[in-house]
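Asker: Starting off with a structure, shown below.
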DNA sequence: CTGAAAGCGCTTACAG
DNA sequence: CTGAAAGCGCTTACAG
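Protein chains in written order, with this note's numbering: chain A, 788 to 1139; chain G, 788 to 1139.
As structure tokens, this is what we get:
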């Protein structure tokens, strides 16, 4: 393991000079000296030790990302946005998957803290991060949340309720009157907001909320399959199923199919997220598309701005209370949603 | 940012004592002293700086994982296995997505090296890692590959050719004689092996390899869709499509559907990987299931053994040349593959 | 332009 | 059982 002293000896200069050359900042170094050092670095294959560097500079140029569930394609896509925005500024990323388990979340928060990350992004939910967030704040490391709200925190979000309301209206306009909602874990604010939007959408059409049509799921395919199966056994049977994410919607389509019914002929299905696969399943899935990649990228840009501000107090203090960036969603209508059985185009329109 | 000196002062002991207590090893410390220190740690919220620790110990208890494509559910599943095996031993994981781009791969390898990772796992392909691998070796950090071969490296693998041969035979047994293969990038050894297996499977049934039925893809849904579309326009039209991964298979099913044909009535489709979604699309996908999670876990266990051996020379030297662990695959027959049009059960049997 | 020296926050022989 | 001190590999005032 060759170090800065080896390079200094090889180049016949001091370690201070090596440091200056390697860091390539605007510090003046004679061209000839620089060349000697560079050659020694090359010859020896020197790679500066980031641990030592971080220890001195009190910054690691590394940020953490906590996601609840890698198996859901939604999060890898967020991760891509986060990662691209990070590497654009030469920041490294430490990626942690909590599996929605509080113990893993705590473990990772601790690890990230001990590794002195410059900041952290927390995507999705599953556990309470107030404590984690406080711990980071104490260490002066900014925190940005994706897709959840709380008092005084920085976040990047979409309007879950408005999006869910629109999707529900899409179904009422098609004449559906028994519209089920497959929720995700009700502990999540994003899920609560989607439920609110769903209810608002029903109300807009003069429909009553029926709790038998609301089911809690866990965002997995199986959960969508099983919930849909139960829903389809009910009487009267819903003619539309709106799922709180695409994976559950895909599970629901499978359940409708296995029940000997067709989508959208007998039952319409609408998802949420807009994962890539949604346009490749058949029937192609109508869904609320979230700008997932951009959500990640925006969160990272916000975080890095906060980090830079911390390192560089000239930029002024951190904004009070926590900023929120809102990103738009879009209802993408594909094949999985259609007219309610027996309805005619326009049936639902007076309701809107 | 409170440090070990603060704790020592608060507890009225030396920093050496604090260090011993915090590290909780078998070093003898009087119970009363220990209690004082622990209380001070608690009161102050002390979190030891891993940078300083790593600098002294010359180990970070952190390993890197390089994956080529987070958008393919195959890799997140590998990552879960890697991560669980790592945290079981209290190792942290730095996760890097190369997007199959050589520049990103090089950038991350450099970063991981500078951060003094104890070891690295390289999953999948897309770029050449001989150089990266050498660089790590020079720094004494072990490397384990998942799913690719090369001389003298450690790896965890499946038998791609045998698996592809079996899947091909499954189709020939169903009476298919025009079987297309949607390959992934032909630069990957895993893809080359799958092509070999496909050809062997054809040969077993006395079928000739037809290069018009082989297409190179990129493992994405779109690529599967477009390749299948082109294939379906050929004359004679293949009655079966075997894709080198599930995402392309799902794209292929969509293409068959959009061409007004049915799966498996007109065209059978078989995938490779066994992602969770494969059993939730309709028709459910017949596929070669890879023990993905276990592949990741096995790779991490192998890596950690190499790391421990390096730290602890009593365990003996690193095994010569590179070990390979082989994991089994399984053909999971679902709905997407069936008898060739016009064929009768048993038609293909004499061929085997 | 260059170098000697202090210091980041720990761990670990060494001495007592 | 406990502490003083050296040292890990860097960066950065400070002096020249």
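Think of the CB as a built atom: it goes at the ideal place given N, C-alpha and C, for glycine as much as any other residue.
For residue 830 (chain A), which residues in the same chain have their Cβ closer than 8 Å to its Cβ, ignoring the five residues on either side in sequence?
Answerer: So the list reads 797, once near-sequence residues are dropped.
Asker: What separation, rounded to the nearest whole angstrom, lies between the Cα atoms of residue 1027 (chain A) and residue 1015 (chain A)?
Answerer: About 10 Å.
Asker: Can you tell me which of G:967, G:907, G:1034, G:1126 puts its alpha carbon nearest to the alpha carbon of residue 1060 (chain G)?
Answerer: Checked all of G:967, G:907, G:1034, G:1126; the closest Cα to residue 1060 (chain G) is G:1034.
Asker: Output the residue ranges of the beta strand (DSSP E) runs that lie fully inside the segment 1048 to 1114 of chain A and measure 3 residues or longer, sorted by chain position.
Answerer: Whole beta strand (DSSP E) segments, 3+ residues: 1055 to 1060, 1073 to 1076, 1111 to 1114.
Asker: So who's on the other strand from residue 841 (chain A), going by DSSP bridges?
Answerer: In the DSSP output, where bridge partners are listed per residue, residue 841 (chain A) has none listed.
Asker: Starting from residue 870 (chain G), find everything on chain A with Cβ-Cβ shorter than 7 Å and list it in chain order.
Answerer: Those within 7 Å of residue 870 (chain G) in chain A are 884.
Asker: In the DSSP assignment, what residue or residues form a beta bridge with residue 1117 (chain G)?
Answerer: In the DSSP output, where bridge partners are listed per residue, residue 1117 (chain G) has G:1076.
Asker: Whole beta strand (DSSP E) runs in the segment 951 to 984 of chain A with 3 or more residues, listed along the chain?
Answerer: Counting whole runs of 3 or more residues, the segment 951 to 984 of chain A contains the beta strand (DSSP E) stretches 966 to 970.
Asker: Are the beta-carbon atoms belonging to residue 884 (chain G) and residue 857 (chain G) less than 8 Å from one another?
Answerer: Contact: yes.
Asker: Just to confirm, is the Cβ distance from residue 933 (chain A) to residue 1031 (chain A) under 8 Å?
Answerer: Not a contact, by the Cβ cut-off of 8 Å.
Asker: May I have the straight-line CA-CA distance separating residue 981 (chain A) from residue 1122 (chain A), to the nearest angstrom?
Answerer: Approximately 22 Å, taken between the alpha carbons.
Asker: Within a Cβ cutoff of 6 Å, which residues of the same chain sit near residue 1013 (chain G), ignoring the five residues on either side of it in sequence?
Answerer: Excluding sequence neighbours, residue 1013 (chain G) sits near nothing in its chain.
Asker: Return the first residue and the last residue of the alpha helix (DSSP H) that residue 1019 (chain A) is part of.
Answerer: 1008 to 1019 is the extent of the alpha helix (DSSP H) around residue 1019 (chain A).
Asker: Is the segment 1067 to 1085 of chain G touching the segment 1111 to 1120 of chain G, taking contact as three or more C-beta pairs under 8 Å?
Answerer: These segments touch.
Asker: Specify the secondary structure class of residue 790 (chain A) as computed by DSSP and reduced to three states.
Answerer: If DSSP states are grouped into helix, strand and coil, residue 790 (chain A) belongs with coil.
Asker: By the three-class DSSP mapping on this structure, what secondary structure does residue 942 (chain A) have?
Answerer: DSSP places residue 942 (chain A) in strand when its eight states are reduced to three.
Asker: Could you tell me the distance, in whole angstroms, from the CA atom of residue 1069 (chain G) to the CA atom of residue 923 (chain A)?
Answerer: One C-alpha to the other measures close to 46 Å.
Asker: Between residue 946 (chain A) and chain G, is any beta-carbon pair separated by less than 8 Å?
Answerer: Judged by the 8 Å Cβ criterion, residue 946 (chain A) is not in contact with chain G.
Asker: Of all the options G:995, G:959, G:1008, G:992, which has the alpha carbon lying nearest to the alpha carbon of residue 969 (chain G)?
Answerer: The residue with the shortest Cα to Cα distance from residue 969 (chain G) is G:1008.
Asker: Does residue 920 (chain G) have its Cβ less than 8 Å from a Cβ in chain A?
Answerer: So, not an interface residue.
Asker: From which residue to which residue does the alpha helix (DSSP H) around residue 810 (chain A) run?
Answerer: Residue 810 (chain A) -> alpha helix (DSSP H) spans 802 to 810.
Asker: Please go through the segment 875 to 927 of chain G and give each complete beta strand (DSSP E) segment of 3 or more residues, from N-terminal end onward.
Answerer: With a minimum length of 3 residues, the continuous beta strand (DSSP E) runs that stay inside the segment 875 to 927 of chain G are 879 to 884, 906 to 910.
Asker: Just tell me which of G:844, G:967, G:915 has its CA closest to the CA of residue 903 (chain G).
Answerer: With distances taken between Cα atoms, residue 903 (chain G) lies closest to G:844.
Asker: At 7 Å on the CB atoms, spell out the chain G contacts of residue 962 (chain A), in chain order.
Answerer: Ordered by position in chain G, no residue passes the 7 Å Cβ test against residue 962 (chain A), which lies about 25 Å from the chain.
Asker: Near residue 1138 (chain G), which residues of its chain fall below 6 Å by C-beta distance, leaving aside the five closest residues on each side in sequence?
Answerer: Legend: pLDDT at residue 1138 (chain G) = 41, less than 50; position of this residue unreliable, value from coordinates given subsequently. 959, 992, 993.
Asker: Give the DSSP-derived three-state secondary structure of residue 1030 (chain A) in the structure shown.
Answerer: Reduced to three states, the DSSP call for residue 1030 (chain A) is strand.
Asker: Using 10 angstroms around the beta-carbon of residue 1022 (chain A), count the other beta-carbons present and answer buried if the total reaches 16, otherwise exposed.
Answerer: Exposed: under 16 other Cβ atoms inside 10 Å.
Asker: Residue 1041 (chain A) to residue 859 (chain G), Cα distance in whole Å?
Answerer: So the two alpha carbons sit approximately 21 Å from each other.
Asker: Span of the beta strand (DSSP E) holding residue 1003 (chain A)?
Answerer: Note, residue 1003 (chain A): beta strand (DSSP E), 1001 to 1003.
Asker: Are the Cβ atoms of residue 1125 (chain G) and residue 1025 (chain G) separated by less than 8 Å?
Answerer: For residue 1125 (chain G) and residue 1025 (chain G), no; Cβs fall outside 8 Å.
Asker: Using a Cβ-Cβ distance under 8 Å, would residue 1048 (chain G) count as near chain A?
Answerer: No, no contact with chain A.
Asker: Please confirm whether residue 1137 (chain A) has its beta-carbon closer than 8 Å to some beta-carbon of chain G.
Answerer: Note that residue 1137 (chain A) scores 46 on pLDDT, short of 50, meaning its location in the model is unreliable; the coordinates nonetheless yield the value given after this. No, no contact with chain G.
Asker: Taking contact to mean 3 or more Cβ pairs, one atom from each stretch, closer than 8 Å, check whether the segment 891 to 909 of chain G and the segment 1090 to 1103 of chain G are in contact.
Answerer: Yes, the segment 891 to 909 of chain G touches the segment 1090 to 1103 of chain G.
Asker: For the alpha helix (DSSP H) holding residue 849 (chain G), just list the boundary residues, first then last.
Answerer: Looking at the DSSP string, residue 849 (chain G) is not in any alpha helix (DSSP H); the run it does join, the beta strand (DSSP E), is 849 to 854.
Asker: Where residue 816 (chain A) and residue 832 (chain A) are concerned, what is the direct C-alpha to C-alpha distance, given to the nearest angstrom?
Answerer: Their backbone Cα atoms lie some 21 Å apart in a straight line.
Asker: Taking the alpha helix (DSSP H) that residue 824 (chain A) belongs to, which residues open and close that run?
Answerer: Note, residue 824 (chain A): alpha helix (DSSP H), 818 to 831.
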